[in-house]
Structure formats: C-alpha cells, structure tokens
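Asks: Just passing along the structure, written as structure tokens.
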Amino acid sequence: MAYVNTRTACNRLGVHSNTLRNWDRDGKIKTMRTPGGIRLYDLDSLESDRRKFIYARVSSRNQKDDLNSQIEYLKTRFPNHELIEDIGSGLNFKRKGLNTLLELVMSGQVSEIIVTHKDRLCRFGYELIEAIATKNSCKIMVLDESKLSPQAELVNDLLSIIHVFSCRLYGLRKYSRKIKEDTDLPQKQTVG
3 MAYVNTRTAC
13 NRLGVHSNTL
23 RNWDRDGKIK
33 TMRTPGGIRL
43 YDLDSLESDR
53 RKFIYARVSS
63 RNQKDDLNSQ
73 IEYLKTRFPN
83 HELIEDIGSG
93 LNFKRKGLNT
103 LLELVMSGQV
113 SEIIVTHKDR
123 LCRFGYELIE
133 AIATKNSCKI
143 MVLDESKLSP
153 QAELVNDLLS
163 IIHVFSCRLY
173 GLRKYSRKIK
183 EDTDLPQKQT
193 VG
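Under the working numbering, the residue at position 94 of the sequence shown is numbered 96, and the numbers go up by one with no gaps.
Rendered as structure tokens:
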C-alpha cells in the first residue's frame, strides 16, 4: 500500500491523529515526510504488528466435542492465528472470550477474526460486532456463509430464544426445590 496522509490513516484505523503521532514516535508505524513537512503513514507496516484470531464457541459443556472439532478445523486452515474459545449461549454477551476479543479489536490490536459460522460470535447483533470491527480496521471472515431464507432465519432465532428462556425457567425450578428442601433456611410463615 502507498503512504497515506493523516486524515486517511485516521479514518482507516479509527484512531485520533495524536495516536498516529505517538505510534510514529514509538516506531510502531513507518512514516515519511513530504518536503513541506507533512507526515505520510504506511498502513501496511502497522498491519504486521496486529494479531489474527480464530474464534470458536459452543452453547454448553455437553458440546465439548463440537468445540474441539471447530477448533481443529480452524487450526488446520489457519495455523498461525491465535485461538479464543468460549462455552456459553450466543445470546450471552458477557462471555469472557468474546469480551477479550472485542477489547483487543477496539484497541486496534486485531486485523482479522475467523469464525466457522456467523452465530458463533453471537445469535443477535452480529452486524453491530461487524461494525465495531470494521471501524477498527478488523476484518471478520465467516467460513460458512450459507444463506437461509428469511423465514428459516426467523425460525432459528425464535427457537434459540425459546431454548434460552426454557433453560432459565428449568434452572429456577431446580433451585426453588433446593431452597424449599434446605432446613437451614427460615421457612415462610403463614399468617392466619
């Protein structure tokens, strides 16, 4: 890539001009100056410092074999990428791996994320994560881009929502029984 001016570099990298000057001072990005003293930046020199990740996720520990096969598939295709893995619902945005990945992306340290399916990152809000990545000059590559009809996509989304809420409901029932059976806890008094 050719050298670009400060405004273009700021727009492509999603950083402030002061950040670019700091990177120049610290030797993180190659620059050259025009005869008039204007800095030009080589964005390719910065790319070499940025990291590439493969991301794998399954919904529960029961799917550990699926997680291992996802990881194996991704590692064989992208052996030089770092791995981040999660076990948790695609509706849960508090997953440790996802949050680590997003923090790295927003700090400009990631150039590429590879996932097997779009829903591995999240069930809903993929476009938001993609926009955050794009703003920070990070590319997300989805290996299986099979397009579902709008009806099939809606059915899948609805089923995943029902699954999550039914798991929560059954989880509450389990704890409700344990609380009732716990003799150490004060029991509810009926006033009559």
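Note that the Cβ used here is the ideal one computed from N, Cα and C, for glycine as well.
The structure displayed is predicted, hence computed values, not measured ones.
Excluding the 5 residues preceding and the 5 following L85 in the sequence, name in chain order all residues of the same chain whose CB lies nearer than 6 Å to its CB.
Replies: So the qualifying residues of the chain are I56.
Asks: Which word fits N7, buried or exposed, when buried means at least 16 other C-beta atoms lie within 10 angstroms of its C-beta?
Replies: Its Cβ having fewer than 16 others within 10 Å, N7 is exposed.
Asks: Classify N138 as buried or exposed, calling it buried when 16 or more other Cβ atoms lie within 10 Å of its own Cβ.
Replies: Buried, since its Cβ has 16 or more Cβ neighbours within 10 Å.
Asks: According to DSSP, what are the bridge partners of L42?
Replies: Bridge partners of L42: M34.
Asks: For V107, which of helix, strand or coil comes out of DSSP?
Replies: Three-state result, V107: helix.
Asks: Given a threshold of 16 other Cβ atoms within 10 Å of its Cβ, counted over all protein chains shown, does D146 qualify as buried or as exposed?
Replies: Answer is exposed; the Cβ neighbour count stays below 16.
Asks: Between which two residues does the alpha helix (DSSP H) holding A4 run?
Replies: From DSSP, A4 is part of no alpha helix (DSSP H); its letter is neither H nor E.
Asks: From this set, D46, R52 and F126, which residue's C-alpha is nearest D159's C-alpha?
Replies: Nearest option by C-alpha distance: F126.
Asks: Do you know how far the Cα of S61 is from the Cα of I89?
Replies: Approximately 6 Å between the Cα atoms of the pair.
Asks: Could you tell me whether the Cβ of K66 comes closer than 9 Å to any Cβ of chain B?
Replies: Here chain B cannot be found, since the structure has a single protein chain.
Asks: Note down the Cα distance separating C124 from G92, rounded to an integer number of angstroms.
Replies: Cα to Cα, C124 sits roughly 4 Å from G92.
Asks: Apply the 10 Å Cβ neighbour rule to C140 and answer buried if 16 or more other Cβ atoms are within range, or exposed otherwise.
Replies: Its Cβ being crowded by 16 or more others within 10 Å, C140 is buried.
Asks: With distances taken Cα to Cα, identify the nearest neighbour of S71 among F167, R63 and A58.
Replies: Minimum Cα distance to S71 is reached at A58.
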